[in-house]
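S.K.:
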Amino acid sequence: MKLLLLPAAAVLAVFAAALASLFRWSLLEFIPGSLQAGSLTLANFRAVLAAQYLGAIRDTVVLSALTTVCTLLGAYPVAYVLARTPSRRVRSALLVLTLAPFFTGAIVRTYAWVLVLGNTVVTWPVPMLFTERGVLVGLVHFSMPTMILILAAAISHIDPVYERAAASLGASPARVFRRVTLPLSLPGIVSGALIVFAWTLSAFPTPELLGGGKVKMIANVVKDLGLDSFNWPGAAAFAMLALALTLALLTAVGRVSAGRTP
Amino acid sequence: MILRAAVVALVAFMTLPTVVVIAVSFNPTAILSFPPAGFSLRWYENVLTYPQFQRAAVNSVVVTGGAVALALPVGTLAALALERGRLRGRSLWAAVLLSPLVVPGVAAGLGFLILAAALGLLRSRSVLIAAHVALVLPFVVRSVWVSVRNLDPALERAAASLGATPWRTFRRVTLPLLRPGLFAGLLFAVVVSLNEFVVSLFISNRVTEILPVAMFTYVVNYTDPTIAALSSLFILATFLVVWLADRYLDLGRVFLQH
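Residue numbers (the numbering used here), protein chains in the order written: chain A, 373 to 634; chain B, -14 to 243.
#1: Residue 180(B) versus chain A: which residues are under 9 angstroms apart at the beta carbon?
#2: If we ignore side chains and look at the alpha-carbon of each, how far apart do residue 437(A) and residue 590(A) end up?
#3: Near residue 644(A), what residues of its chain come up, given a Cβ to Cβ distance below 7 angstroms and the 5 sequence neighbours on each side ignored?
#4: Listed in chain order, which residues of the region 12 to 29 of chain B have Cβ atoms closer than 8 angstroms to some Cβ of chain A?
#5: Please list, in chain order, the residues of the region 373 to 385 of chain A that have any C-beta partner in chain B closer than 9 angstroms.
#6: Rank 90(B), 54(B), 177(B), 70(B) by C-alpha distance to the C-alpha of residue 134(B) and give the top, closest one.
#7: If we count the other Cβ atoms within 10 Å of its Cβ and call it buried at 16 or more, is residue 463(A) buried or exposed?
#8: Report the neighbours of residue 483(A) on chain B: residues whose CB is nearer than 8 angstroms to its CB, in chain order.
#9: Report the CB separation of residue 492(A) from residue 9(B) in whole angstroms; it is logged as a contact under 8 angstroms.
#10: Residue 233(B) to residue 513(A), Cα distance in whole Å?
#11: Exposed or buried, what is residue 485(A) when buried is set at 16 or more other beta-carbons lying within 10 Å of its beta-carbon?
#12: If we ignore side chains and look at the alpha-carbon of each, how far apart do residue 586(A) and residue 490(A) end up?
#13: Between residue 157(B) and residue 54(B), what straight-line distance do the alpha-carbon atoms span, to the nearest angstrom?
#14: Say whether chain B places a C-beta atom closer than 9 angstroms to the C-beta of residue 627(A).
#15: Have a look at 67(B), 127(B), 106(B) and flag the residue whose alpha-carbon is nearest the alpha-carbon of residue 83(B).
#16: Does DSSP classify residue 573(A) as helix, strand or coil?
#17: Classify residue 434(A): buried if its beta carbon has 16 or more other beta carbons within 10 angstroms, exposed otherwise.
#18: Counting only runs of 4+ residues fully inside the region 36 to 80 of chain B, write out the alpha helix (DSSP H) ranges in chain order.
#19: Within the continuous beta strand (DSSP E) that includes residue 400(A), where are the two ends?
#20: If the cut is a Cβ gap below 7 angstroms, which residues of chain A does residue 123(B) touch?
#21: Using a beta-carbon distance cut-off of less than 8 angstroms, what residues from the region -10 to 4 of chain B approach chain A?
#22: Return the residue from the list 562(A), 396(A), 418(A), 405(A) that minimises the CA-CA distance to residue 411(A).
#23: Buried or exposed for residue 243(B), going by 16 or more other Cβ atoms inside 10 Å?
#24: Express the C-alpha separation of residue 31(B) and residue 12(B) in angstroms, rounding to a whole number.
#25: Let me see if you follow: with CB-CB separation under 9 angstroms, is residue 233(B) close to chain A or not?
#26: Beta carbons nearer than 8 angstroms to chain B: which residues of the region 591 to 607 of chain A have them?
#27: For the region 486 to 514 of chain A, enumerate the residues whose C-beta is nearer than 8 angstroms to any C-beta of chain B, in chain order.
#28: CA-CA distance, residue 399(A) and residue 606(A)?
#29: Mark residue 569(A) as exposed unless 16 or more other C-beta atoms lie within 10 angstroms of its C-beta, in which case mark it buried.
#30: I want to see whether chain A comes within less than 9 angstroms of residue 40(B), judged by CB atoms only; does it?
#31: What did DSSP end up calling residue 634(A) once you bin it into helix, strand or coil?
#32: According to DSSP, what are the bridge partners of residue 412(A)?
#33: Hey, would you say residue 165(B) sits closer than 9 angstroms to residue 15(B), going by beta carbons?
#34: Just the Cα atoms here: how many angstroms apart are residue 544(A) and residue 551(A)?
#35: Pull up the CB-CB distance for residue 94(B) and residue 168(B), whole angstroms please, since I reckon it's below 8 angstroms.
#36: Does residue 19(B) come out as helix, strand or coil in the three-state DSSP assignment?
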């Protein structure tokens, strides 16, 4: 039986080798104009924290936090209906309409927002395309299906008996929601928020196309350095930063779900 | 009432871009306008005759075909081992198998770029296939694992006790019973691979690039509705796939239960 894991282990070994190369290059000296790297150094990580890039890191964190909050607020009602509706048709329609963007690729989705935000449909009172506002809209749209799925799973695990009990004891629907449903769905809210935040930290196509070079997040800096300036060591250091942040957050998600009864 | 309004508003937000893309794709002029000023299929014609898209479409088929053909058997065997094998550290194995999902695309992409350069493979589609196998493997393992868990080993024991060889038991009993999981895994793998963009951007060039990368390059350089037409085709294909999946797999059951 263990032998059956060998092919998968081989695939993962290739993936691990790619990440190991990334790590090694993040510690090598960049030689401008050459794809060869020099000796071991920590200079790339010092450059990550240089003033010219701190803005990108700050924008990334702020945009990710805003995205998380907006996604949470938008996703909760849909997730609630998805988990509680007795009608299979309503559930199917909601799933297909809200999850289809999950299956359409990043480029198709982002291009669609280029059209909407670029004054094709309506003329926006404030500039949207190539601003942080526009990037935020695209990021929220991007994260929504993930958040809806996580919240719907959490809410469908709550036994409706608790809600009925509260209602039969005289609580208004708003109070039932505030005192029963919401607290019981908290683990889903926390893990959904952490996952969306972690994913948004390394978002690439959305800020690349909707930011139009004016809004830079961490992943855009990796692309600029790696593919445009051929500074692979510098790009690798930034990519390691994104990787470390993501892994730290997802470990936190693991803690949260482990604390919950299975 | 408020709940219904919130749900309707969100569904509108989620579908608005799709509606706009489809409408713009029929626009007769190169200047984007909504609603369209007329009706024309010229951008669809442009999609089908633009040489770079033709080349990229071939690359997409080769890369997705190759990656899925490798990932499906590899992932199925891994799922069987995870559920049936007396493994020490099963949860660790599971976490490792699903780990490519959580690695940021730019990190994986740059890593594969550096590795491919060291191996002299930068001009080859094999790097794309290798990366795609790793990226779709988690989806296959997860989907098939669910089916393996629901499979009653008594059925396989019955076949074996009636004289079927292990291989015959596997082929005639195990595999048919795993069909829903295999189908779901195949579906996810194809959709994820066809749409993969970030990692592919790092490890492809004009000759090996797949459709999403070619579309990205086009969007950056031109503003006419050609991409709207190609996007509409992608959206149509995706809706069909999701609708079929919901019909035959009951997506609610797949997503909302553990």
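Glycine included, every Cβ here is placed at the ideal spot set by N, Cα and C.
M.R.: Taking the structure as given:
#1: 475, 476, 477, 478, 479, 480
#2: 14 angstroms
#3: Examination of residue 644(A) is not possible in this model, given that chain A is present from 373 through 634 alone.
#4: 17, 18, 19
#5: 373, 374, 375, 376, 377, 378, 379, 380, 381, 382, 383, 384
#6: 70(B)
#7: buried
#8: 6, 200, 204, 212, 213, 216
#9: 7 angstroms
#10: 27 angstroms
#11: buried
#12: 15 angstroms
#13: 21 angstroms
#14: no
#15: 127(B)
#16: helix
#17: exposed
#18: 36 to 69
#19: 400 to 402
#20: Neighbours of residue 123(B) on chain A: none; closest Cβ ~10 angstroms, over 7 angstroms.
#21: -9, -8, -5, -4, -2, -1, 0, 1, 2, 3
#22: 396(A)
#23: Model confidence at residue 243(B) stands at a pLDDT of 39, short of 50, so the residue's coordinates are unreliable; what they give is reported in the following sentence. Classification of residue 243(B): exposed, given that the 10 Å Cβ count is below 16.
#24: 13 angstroms
#25: no
#26: 591, 594, 595, 598, 599, 604, 607
#27: 486, 487, 488, 490, 492, 493, 513
#28: 9 angstroms
#29: buried
#30: no
#31: Residue placement at residue 634(A) is poorly supported in this model, since its pLDDT is 37, which falls under 50; the coordinates still yield a value, given next. In this structure, residue 634(A) counts as coil in the three-state DSSP scheme.
#32: 400(A)
#33: no
#34: 10 angstroms
#35: That pair is no contact at about 29 angstroms.
#36: coil
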